[in-house]
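Undergrad: Numbering (our numbering) for the sequence shown: 37 to 102. Beta carbons are placed, not taken as given, at the ideal position from N, Cα and C, and that holds for glycine. Mind having a look at this structure? Questions to follow.
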Amino acid sequence: MSVIFAAIFATVCFAVAINGFVSLGEITDPAAKADGQGFVWFWTFLGVVAVAFGALGVWMVKTGKD
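So this is what it looks like as structure tokens:
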């Protein structure tokens, strides 16, 4: 179940990050653009963490004690 939630959360995080990367070109203010980049990279980081925890969950299920 945790693997499924990790996959859903990673998908949402990467969707927000991709939307942010696409929208960065429309920002003209340098300070706002820098803030936007920080926001985008934060969501990318959250997606990577979710993928790592999902992979850890899969590994734990496969190597669990029988």
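Measure the Cβ-Cβ separation of Gly83 and Ser38 and say whether it is below 8 Å.
TA: Cβ distance not < 8 Å, so Gly83 and Ser38 don't count as in contact.
Undergrad: As an exercise, report each continuous beta strand (DSSP E) stretch of at least 3 residues that is fully enclosed by the stretch 58 to 83, in chain order.
TA: List check, beta strand (DSSP E) in window: nothing returned.
Undergrad: Tell me the rounded alpha-carbon separation between Cys49 and Ala67.
TA: C-alpha separation (whole angstroms): 23 Å.
Undergrad: Given a cut-off of 8 Å, decide if Ala86 and Phe45 are closer than it, judged by their beta-carbon atoms.
TA: Yes, Cβ-Cβ distance for Phe45 and Ala86 is below 8 Å.
Undergrad: Using the C-alpha atoms, what's the distance from Ile40 back to Asn55?
TA: Whole-angstrom Cα-Cα distance: 23 Å.
Undergrad: Give the DSSP-derived three-state secondary structure of Thr47 in the structure shown.
TA: If DSSP states are grouped into helix, strand and coil, Thr47 belongs with the helices.
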